[in-house]
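**Q** Each number in my numbering corresponds to the 1-based position in the sequence shown with 179 added. Built from N, CA and C at the ideal position, the CB exists for glycine as well. As the structure is a prediction and not an experimental result, all values here were calculated from the model.
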Amino acid sequence: MRVLIVGGTSSLAQTLIPLLRERCEVLTAGRKGCDVELDLCSRDIQIPAGIDCVVNMAAAFGGKDLTNTLQAMDVNVLGVIKLCHASSKANAKHFVHISSIFSDLESESPFFGAYSLSKKHSEDIAQFCGRELRLPVAVMKPSQLYGVGAQFRKHQPFLYTIMDKAQRHEDIDLFGSNDPLRNFIHAQDVARIISAVIATKIEGTYRCAHPDNVTYSQIAAAAISAFESKSKVRFLKDKPDIPSNGFACDKTLFRLLGYFPRISIAHGMQMEAAHRRQAW
Numbered sequence: 180m181r182v183l184i185v186g187g188t189s190s191l192a193q194t195l196i197p198l199l200r201e202r203c204e205v206l207t208a209g210r211k212g213c214d215v216e217l218d219l220c221s222r223d224i225q226i227p228a229g230i231d232c233v234v235n236m237a238a239a240f241g242g243k244d245l246t247n248t249l250q251a252m253d254v255n256v257l258g259v260i261k262l263c264h265a266s267s268k269a270n271a272k273h274f275v276h277i278s279s280i281f282s283d284l285e286s287e288s289p290f291f292g293a294y295s296l297s298k299k300h301s302e303d304i305a306q307f308c309g310r311e312l313r314l315p316v317a318v319m320k321p322s323q324l325y326g327v328g329a330q331f332r333k334h335q336p337f338l339y340t341i342m343d344k345a346q347r348h349e350d351i352d353l354f355g356s357n358d359p360l361r362n363f364i365h366a367q368d369v370a371r372i373i374s375a376v377i378a379t380k381i382e383g384t385y386r387c388a389h390p391d392n393v394t395y396s397q398i399a400a401a402a403i404s405a406f407e408s409k410s411k412v413r414f415l416k417d418k419p420d421i422p423s424n425g426f427a428c429d430k431t432l433f434r435l436l437g438y439f440p441r442i443s444i445a446h447g448m449q450m451e452a453a454h455r456r457q458a459w
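#1: Give me, in chain order, the residues of the same chain whose beta-carbon lies closer than 7 Å to that of Phe-291; leave out the 5 immediate sequence neighbours on both sides.
#2: Around the Cβ of Glu-302, are there at least 16 other Cβ atoms within 10 angstroms (buried) or fewer (exposed)?
#3: Can you tell me whether Pro-321 is buried or exposed, with buried defined as 16 or more other CB within 10 angstroms of its CB?
#4: Evaluate Asn-270 with the Cβ neighbour count: other Cβ atoms within 10 Å of its Cβ, from every protein chain shown; 16 or more gives buried, anything less gives exposed.
#5: Measuring straight from C-alpha to C-alpha, what distance separates Ser-297 and Lys-409?
#6: Name the one or two DSSP bridge partners that Asn-392 has.
#7: I need the straight-line Cα distance from Val-393 to Leu-324, nearest angstrom please.
#8: If I measure Cβ to Cβ from Leu-198 and keep anything under 6 Å in the same chain, skipping five residues before and after, which residues do I get?
#9: Note down the Cα distance separating Thr-379 from Ile-398, rounded to an integer number of angstroms.
#10: Compare the C-alpha of Thr-207 against each of Arg-455, Ala-192, Gln-335 and name the closest.
#11: What does a CB cutoff of less than 6 Å around Ala-405 pick up in its chain, not counting 5 residues either side in sequence?
#12: Rounding to the nearest angstrom, what Cα-Cα distance links His-365 and Val-376 in this structure?
#13: With a 10 Å radius around its C-beta and 16 neighbouring C-beta atoms as the bar for buried, classify Ala-329 as buried or exposed.
#14: I want to know whether the segment 212 to 228 touches the segment 249 to 266 - three or more CB-CB distances under 8 Å.
#15: Starting from Leu-206, trace the beta strand (DSSP E) in both directions and tell me its first and last residue.
#16: Please determine, among Ser-423, Cys-387, Glu-201, the residue with the shortest C-alpha to C-alpha distance to Gly-355.
#17: With DSSP as the reference, please indicate the residues paired to Tyr-385 in a beta bridge.
#18: Just to confirm, does Arg-200 get its C-beta within under 7 Å of one of the non-hydrogen atoms of the ligand MN?
#19: Does the beta carbon of Asn-270 come closer than 8 Å to any beta carbon on chain B?
#20: Considering Cα atoms alone, identify which of Cys-387, Gly-383, His-276 is closest to Asp-429.
#21: Nearest to Lys-243 by CA position, among Asp-223, Ser-295, Arg-200, Ala-345, is which residue?
#22: Between Val-182 and Val-215, is the Cβ-Cβ spacing less than 8 Å?
#23: What are the start and end residues of the alpha helix (DSSP H) that includes Ile-196?
#24: Report the residue from Phe-337, Cys-263, Ala-400 whose alpha carbon sits nearest the alpha carbon of Arg-313.
#25: Can you give me the start and stop residues for the alpha helix (DSSP H) that Asp-303 sits inside?
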């Protein structure tokens, strides 16, 4: 099987590629540093012939200004249309689109923005193109991704700051008096799930959240334990409360694949701590 990963330099792609190469020929595509040069903002895009499965991991994360909002729509929505048509033209047999569980946020949520909106549209576009082009499509909606190594820090700065403080034995300050929820899923779990989706040629749209939401204090406690730290957790009650952003776990995809996420936040912190110790 030949698999093309679009957005091939992303941290998730770099976690997935070694798994796929055990049984597939893998090509990467992107604006730079990939086997195939491909820019989803280009007017016309093409993919190589003979590709069995296209995995779209490319994404623009948006922002609050017009330029970033337009870029999110251009890459995450219009780019998906062009990529689906290019995949169909190249006779690809399966299209796997990596979206985000943030697409399920209500517009009133403080976490809803251009990224969430564009991802919501991207899912509809992928399924629409799949139907019109008779292209089998799977859409996966992972929650917040983290993993081993500095490449994951960019998108989860708060999580890695907690680990940094624990590593340095510094106290961990949390704003407000509540203990907000988050849902993190490890990149290694998501990579295994994507690999299984490709192998089984599953179609449909699926949530891909960790079964357990975690609180900020649980995250901090896991980091303190993993780094054998003397840090303490303090809630700064004079600061504004931070809203929760947890998600219910729909286990449909996990049951179909016979694979459930295995890496808890405690285990994930231990993996990162071990990685940092080896680098010392």
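**A** Inspection of the coordinates gives the following:
#1: Once the five neighbours on either side are set aside, the close Cβ partners of Phe-291 are Leu-284, Glu-285.
#2: With a 10 Å radius around the Cβ and a threshold of 16 neighbouring Cβ atoms, Glu-302 comes out buried.
#3: The residue in question, Pro-321, is buried, as its Cβ has 16 or more Cβ neighbours within 10 Å.
#4: With fewer than 16 Cβ atoms within 10 Å of its Cβ, Asn-270 is classed as exposed.
#5: Cα-Cα distance, rounded: 42 Å.
#6: Answer is none; Asn-392 lacks a bridge partner.
#7: Using only the alpha carbons, I get a separation of about 14 Å.
#8: Apart from the 5 residues on each side of it in sequence, Leu-198 sits with its Cβ closer than 6 Å to the Cβ of Ala-370, Ser-374 in its chain, given in chain order.
#9: The C-alpha of Ile-398 is placed about 34 Å away from the C-alpha of Thr-379.
#10: The alpha carbon of Thr-207 has as its nearest neighbour, out of Arg-455, Ala-192, Gln-335, the alpha carbon of Ala-192.
#11: Answer for Ala-405: Met-448, Gln-449, Ala-452, listed in chain order.
#12: Taking the straight line joining both Cα atoms gives about 17 Å.
#13: With fewer than 16 Cβ atoms within 10 Å of its Cβ, Ala-329 is classed as exposed.
#14: Enough Cβ pairs lie closer than 8 Å, so yes.
#15: Start and end: 204 to 209.
#16: Closest by alpha carbon: Ser-423.
#17: According to DSSP, which records beta bridges pairwise, Tyr-385 is partnered with Met-319.
#18: This structure simply doesn't include the ligand MN, nor any ligand for that matter.
#19: Among the protein chains of the structure shown there is no chain B, as only one such chain exists.
#20: Minimum Cα distance to Asp-429 is reached at Cys-387.
#21: Comparing Cα positions, the closest option is Ser-295.
#22: The Cβ atoms of Val-182 and Val-215 lie no closer than 8 Å to each other.
#23: Annotation for Ile-196: the continuous alpha helix (DSSP H) segment containing it runs 190 to 199.
#24: Here the closest residue by C-alpha is Cys-263.
#25: For Asp-303, the enclosing alpha helix (DSSP H) stretches over residues 293 to 312.
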